[in-house]
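These protein sequences, in sequence, are chains A and B.
The first sequence begins at -16 in my numbering and counts up one residue at a time.
The second sequence begins at 15 in my numbering and counts up one residue at a time.
Note that the Cβ used here is the ideal one computed from N, Cα and C, for glycine as well.
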Amino acid sequence: MTCLKVISPGVFSQIQDRGRYGYAHYGVPASGPMDPVASRLANAVVGNDPNAAVVELTASGGQYLIMEGSCLLCIGGDVPASANGVMLAPWVSHRLKAGSELRLGIMRQGMRAYLAFAGGIDVEPVLGSRATLTRAGLGGWHGRALQKGDELPLLSPAGSRGRRYCSHHLLERLYPQGPLAVIAGPQQDAFPPSAFYDFTHSRYRISAQADRMGYRLAGAPLSHLRGADMVSDAVVPGSIQVPGNGQPIVALHDRKTTGGYPKIATIISADLPRLGQMRPGQGLSFMAVDLNEAAIRAARLRQGLDLCLQQIESTETPWS
Amino acid sequence: MTRYPRCLAAGDRALLVEFGDRIDDRLNQQVLALAAALAEVDGLVKIIPTYRSVTLQYDPQLTDFDRLCQQIARILATPAAEANLGRRWRVPVCYGGAWGEDLAALAEHHQLTPQQAIDLHSAADYRVYMIGFMPGFAYLGGLSPSLFTPRRASPRAMTPGSSINIGGQQTAISSVPGPSGWHLIGRTPWVPFDPRRARPFLFRAGDRVRFEPISEQEFQRLAPRYRDGLSPQPENEL
């Protein structure tokens, strides 16, 4: 059985699959990749099921040793990589023999990259998912980020797979530029009417407090009508809560499932993958859309993703 | 004046139904009744009941906001069947001492003896209003107003799981270790969340809870059994 040994883990590397759905009413967020588009495509390049477990890298990669057997790897993200000194391009499948030393550097752009191995990483699912929720010590590798010395077993892939790649040109189209689209509310009326205008017409910066739970933003403070406390209700991925200091907090995949700050707006689902690639210090702005526009953007992303998946399938060639 | 109940969009994959803006037993019963009735509705990914609102996560390829609003209006127009009052739990608690380090100060704050505070806390009937914050963390309604206590000025960075806490007008049973600004008054030998068990989460919104004071010896005797995976049973199974 092939195994991935962690020589040095990078800043915050952990195991994710598609997510732990169905437990939000028990206080468990779904987790899952911060950029589900990238992890899905990396899995497709090595011929995996969309739910196969991958390593999510944050800002930097680390070093790993392939042990026992060989493996097929795709690096999903713009991170310099080599195996035994030979450069490895991203978004292409690579065959690595036992004893290969995989070195990954600092990401050139983006904030998350994915290591997808054919077959996926073999950790025990918890509540039906291999996704790591470090905040509760749940799932993944002992519920925590990877550490030096960890040895992650890989599942053996069903059948052999040829070489595949994902087109950069199609990939780039999945990450549009421009403001992130939001739908107003649900607690827009906890703010004066000017606040939503201010929110969608100013520039914010992602603060250093930005992780899988959420991103704290810095910029024009937003005032409340009747204070920042309300009776807690459910928080969904993309909810933008505004605490007493007026600085918005975007809730993400490892969020607390309930919260007591009013939510001025919610980022649409199609724009969450690109937010997951934004870094602390980076500027961003928001624009208001309605549910129709959100549906159009979701359909556009889905079609773009399908196109990429078809393109990946079509590139399969036997190993020479 | 805001008119309740009302449906609000929470992004393009969730819808919020608000019944009010207060913590109130009657509102929470409406929440639970709607959550139960929604089980029949197509296209829903998750139904999350909270104190005074229900959030529905839906698949926008299977349903949409307007259609859900109409279905909710129809449900709310039909007289609700008696809300499912949930299971009843009798939760053993070792109050005070090392297991509830804030009990003495909290009692003093209210000019009560620690025993009086324990008596007040364990005499009440509680309802689980919401599970949230951490996996399996149960927020309870029904705390005696004599025990309402503002949260700690400085939250603790880490508190143990299975704690019985008081914060503001609420009391709670914590599940896994985590940060908290609430006052720790006791600990249960039960483990509210254990993914290895057939019943990973003990409590659900709508369940009824009473606390039963136990001695430190009893706590020490019981705790290892529950830690090893023994599953507590409710007094009635629904």
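| Item | Value |
| --- | --- |
| Just verifying my parser: in three-state terms, what is the DSSP assignment at C149(A)? | coil |
| Within the stretch 157 to 235 of chain A, note down every full beta strand (DSSP E) run reaching 3 residues or more, in order along the chain. | 163 to 167, 187 to 193, 197 to 201, 222 to 224, 232 to 234 |
| Of all the CB atoms in chain A, is at least one closer than 7 Å to the CB of D208(B)? | no |
| For the alpha helix (DSSP H) containing R239(B), list its first residue and its last residue. | 230 to 241 |
| If contact is defined by three or more beta carbon pairs under 8 Å, each pair taking one atom from either stretch, is the stretch 10 to 21 of chain A in contact with the stretch 239 to 249 of chain A? | yes |
| For V190(B), go through chain A and note every residue whose CB falls closer than 8 Å to its CB, in chain order. | A119, G120 |
| Spatial neighbours of A152(B) within its chain, please: CB distance less than 7 Å, with the 5 preceding and 5 following residues excluded, ordered by chain position. | V142, I145, A186, I187, P206, F217 |
| For V109(A), I'd like the list of residues in its chain whose CB is within less than 7 Å of its CB, leaving aside the five on either flank, ordered along the chain. | L121, G122 |
| So Q46(A) and L71(A) are supposed to be a Cβ contact under 8 Å. How far apart are they, rounded? | No, Q46(A) and L71(A) are not in contact; Cβ-Cβ is about 13 Å, not under 8 Å. |
| Is the shortest distance between the beta-carbon of I199(B) and the beta-carbons of chain A less than 7 Å? | no |
| In chain B, which residues lie with their C-beta within 7 Å of the C-beta of A217(A)? | I62, T64, T69 |
| Does the Cβ of Y140(B) have 16 or more other Cβ atoms within 10 Å, making it buried, or fewer, making it exposed? | buried |
| Which first and last residues belong to the alpha helix (DSSP H) in which F79(B) is found? | 79 to 91 |
| If you measure between the beta carbons of A201(A) and R209(A), is that distance less than 7 Å? | no |
| Using a beta-carbon distance cut-off of less than 7 Å, what residues from the stretch 134 to 160 of chain B approach chain A? | M144, I145, G146, F147, M148, P149, G150, F151 |
| Return the CA-CA distance between R213(B) and C291(A), expressed in angstroms with no decimal places. | 41 Å |
| Tell me the DSSP secondary structure of Y65(B) in three-state form. | coil |
| Ordered along the chain, which non-local residues of its own chain (more than five positions away) have a Cβ less than 7 Å from that of S245(B)? | R211, A212, R213 |
| Would you mind stating whether A253(A) and G197(A) have Cβ atoms separated by less than 7 Å? | no |
| Can you look up R170(B) in the DSSP assignment and give me helix, strand or coil? | strand |
| Given this structure, state the Cα-to-Cα distance separating A131(B) from A121(B), to the nearest angstrom. | 6 Å |
| Closer than 7 Å, CB to CB, is G28(B) near chain A or not? | Checking the sequence, you will find Ala at residue 28(B) rather than Gly. For A28(B), the answer is yes, since a Cβ of chain A falls inside 7 Å of its Cβ. |
| Please confirm whether F225(B) has its beta-carbon closer than 7 Å to some beta-carbon of chain A. | no |
| Show which residues of chain A have a CB atom less than 9 Å away from the CB atom of F79(B). | L274 |
| What are the start and end residues of the beta strand (DSSP E) that includes E134(A)? | 134 to 136 |
| What does the Cβ neighbour count give for H125(A), buried or exposed, with the cut at 16 atoms within 10 Å? | exposed |
| Per DSSP, which residues does N179(B) bridge with? Please list them. | A186(B), L198(B) |
| May I have the straight-line CA-CA distance separating A173(A) from D212(A), to the nearest angstrom? | 10 Å |
| By the DSSP assignment, the beta strand (DSSP E) with I250(A) in it spans what residues? | 246 to 250 |
| For A119(B) and chain A, any beta-carbon pair shorter than 7 Å? | no |
| With DSSP as the reference, identify every bridge partner of K(-12)(A), one or two as the case may be. | L48(A), E134(A) |
| Leaving out five residues before and five after R195(A) in sequence, what residues of the same chain have Cβ atoms less than 7 Å from its Cβ? | M17, L235, H236, D237 |
| Counting C-beta neighbours from all protein chains within 10 Å, is the total for W302(A) 16 or more, i.e. buried, or is it exposed? | exposed |
| Can you tell me which of R144(A), M94(A), M261(A), A119(A) puts its alpha carbon nearest to the alpha carbon of F14(A)? | Note on identity: in this sequence residue 14(A) is Ser, with Phe being the wrong assignment. Minimum Cα distance to S14(A) is reached at A119(A). |
| Could you tell me the alpha carbon to alpha carbon distance between S112(A) and I58(A), rounded to whole angstroms? | 22 Å |
| Identify the contact partners of P214(B) in chain A, using a Cβ-Cβ distance below 7 Å as the criterion. | L110 |
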